[in-house]
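Q:
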Amino acid sequence: GAVVSQHPSWVICKSGTSVKIECRSLDFQATTMFWYRQFPKQSLMLMATSNEGSKATYEQGVEKDKFLINHASLTLSTLTVTSAHPEDSSFYICSARPGGSETQYFGPGTRLLVL
Amino acid sequence: GDSVTQMEGPVTLSEEAFLTINCTYTATGYPSLFWYVQYPGEGLQLLLKATKADDKGSNKGFEATYRKETTSFHLEKGSVQVSDSAVYFCALLTNSGYALNFGKGTSLLVTP
Chain A
9 GAVVSQHPSW VICKSGTSVK IECRSLDFQA TTMFWYRQFP KQSLMLMATS NEGSKATYEQ
69 GVEKDKFLIN HASLTLSTLT VTSAHPEDSS FYICSARPGG SETQYFGPGT RLLVL
Chain B
-14 GDSVTQMEGP VTLSEEAFLT INCTYTATGY PSLFWYVQYP GEGLQLLLKA TKADDKGSNK
46 GFEATYRKET TSFHLEKGSV QVSDSAVYFC ALLTNSGYAL NFGKGTSLLV TP
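Chains A and B supply the protein sequences, listed in that same order. Note that my numbering has the first sequence beginning at 9, numbered continuously upward. Note that my numbering has the second sequence beginning at -14, numbered continuously upward.
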């Protein structure tokens, strides 16, 4: 149980385009979902927290207009990287937390390469 | 603020060796503590957790004990396998927050 999927797993795009990443909790309802960014050989940096039906809370230094987060249902959150640039290339990982639980379950990650 | 410090890697061990990865934390209150593992090219998987002092989390031969007196949560395994090669992250969750605070990760390489 407690499986989280992400789609796509890999994406390569041209500079200036927008990319949408989906995060789904497959067998539980996630009241809260988190988006992280991981640079090579570094730890995870929390970008934002989203609660179903409300606006995401962004961490300091994360541009909310660039990284659009939507948590429209209890099983789906999306991260859209708008007007992507090469410096946005990274590994993006989502996690989901069931209601009443403190444990987060992580997706397999999405590797984004912006050319 | 809350933080996690773990030993820097990479750690290289021979198969069947004993593993210890140190993790200490700074937090107000009584955090929950976690170890996550990340295999190459994949996301994080929860390895084990402990929610209060003196709790021992265990899974797949790995163990960690929540030591409040030393603010530590060291990860141990008695006999590592090649398949244990991965990056291990220590993390804490404060009882007032909902986001995990991660350490920088420790890379483990187990050789045959």
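C-beta: ideal position from N, C-alpha, C; glycine also.
Report the CB separation of A/Thr118 from A/Gln14 in whole angstroms; it is logged as a contact under 8 Å.
A: Contact flag correct, Cβ pair sits at about 5 Å.
Q: In terms of residues, what are the limits of the beta strand (DSSP E) holding A/Met55?
A: Start and end: Leu52 to Asn59.
Q: Cβ of B/Lys45 less than 7 Å from any chain A Cβ?
A: No, because no Cβ of chain A sits closer than 7 Å to the Cβ of B/Lys45.
Q: What distance in whole Å lies between the Cβ atoms of B/Phe19 and B/Leu31, which are believed to be in contact at a cut-off of 8 Å?
A: Right, their Cβ atoms sit about 7 Å apart.
Q: Considering only the beta carbon of each residue, do A/Gly115 and B/Gly42 sit closer than 7 Å?
A: Cβ atoms of A/Gly115 and B/Gly42: not closer than 7 Å.
Q: Looking at the C-beta of A/Ile29, does it have a partner C-beta in chain B at a distance below 7 Å?
A: It does not: the Cβ of A/Ile29 has no partner Cβ on chain B nearer than 7 Å.
Q: Specify whether the segment 83 to 95 of chain B and the segment -4 to 11 of chain B touch according to this definition: at least 3 beta carbon pairs, one from each stretch, less than 8 Å apart.
A: Output reads yes: the segment -4 to 11 of chain B touches the segment 83 to 95 of chain B.
Q: Any C-beta of chain A sitting closer than 7 Å to the C-beta of B/Lys62?
A: Chain A, which has no Cβ nearer than 7 Å to the Cβ of B/Lys62, makes this no.
Q: For A/Ile77, return the contacting residues in chain B, with the cut-off set at a CB-CB distance below 8 Å.
A: Per Cβ cutoff of 8 Å: no residues; A/Ile77 is ~14 Å from chain B at best.
Q: Contact between the segment 69 to 87 of chain A and the segment 29 to 46 of chain A: three or more CB pairs below 8 Å?
A: The segment 69 to 87 of chain A, when compared against the segment 29 to 46 of chain A, does touch it at the 8 Å Cβ threshold.
Q: So is B/Phe87 in contact with chain A if we call contact Cβ pairs under 7 Å?
A: It does: the Cβ of B/Phe87 has a partner Cβ on chain A nearer than 7 Å.
Q: Please classify B/Asp39: is it buried, with 16 or more other beta-carbons within 10 angstroms of its beta-carbon, or exposed?
A: Per the 10 Å Cβ criterion, exposed.
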